[in-house]
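A.B. asks: Just dropping this structure here.
Numbering (my numbering), first residue to last: 2 to 162.
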């Protein structure tokens, strides 16, 4: 049995990821005012210090803006900011660049899955390798299904979409 090290993510990083997922899912919209620090700490069940640190990270990344005496807002161009780096990089990317990038993403996703996967999900992933191709349609669909099951087990919205 190979035992992988337990990863201890900072709570503020988890809050940042959750806020970005809420934006991605459309629950938080561009230009929308965020709840107060106190409200967010209650909703996320973390201290105000954790929320403050997450907001500093989000502001440094350009995803939120703070207005004195008005509050904290999602940037109006947040959706552009979330997609811009990828679209800009694709202009100059070679096919090998894309393959290398995909390999690194998949490797990291597998590390995350190892830490989070349930026994039932392991069985689903394993069984996805042995699905009758007539039921799936073709090899591409089978590969897609396998990777989708891995992404689900990661519990990370960015891998799932």
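Cβ atoms here follow ideal geometry from the backbone N, Cα and C, with glycine treated the same way.
Quick check on the burial criterion: 16 or more other C-beta atoms within 10 angstroms. Buried or exposed for residue 34?
C.D. replies: Taking the first residue of the chain shown as position 1, residue 34 is located at position 33. Classification for residue 34: exposed.
A.B. asks: Given that a residue counts as buried once 16 or more other Cβ atoms are within 10 Å of its Cβ, and exposed if not, what is residue 109?
C.D. replies: The sequence position of residue 109 within the chain shown is 108, counting from 1. Classification for residue 109: exposed.
A.B. asks: By alpha-carbon positions, which one of 21, 36, 93 ends up nearest to residue 73?
C.D. replies: Sequence index remark: in the chain shown, residue 73 carries index 72 (1-based). The residue with the shortest Cα to Cα distance from residue 73 is 36.
A.B. asks: So the candidates are 101, 154, 65, 162; which of them puts its Cα closest to the Cα of residue 121?
C.D. replies: Translated into positions along the chain shown, residue 121 becomes position 120. Here the closest residue by C-alpha is 154.
A.B. asks: Go ahead and pull the three-state DSSP assignment for residue 30.
C.D. replies: Sequence index remark: in the chain shown, residue 30 carries index 29 (1-based). Coil, per DSSP.
A.B. asks: Taking Cβ to Cβ, would you say residue 76 is nearer than 9 Å to residue 27?
C.D. replies: The residue given as residue 76 occupies position 75 in the chain shown. The residue given as residue 27 occupies position 26 in the chain shown. No, these two residues do not count as a Cβ contact at 9 Å.
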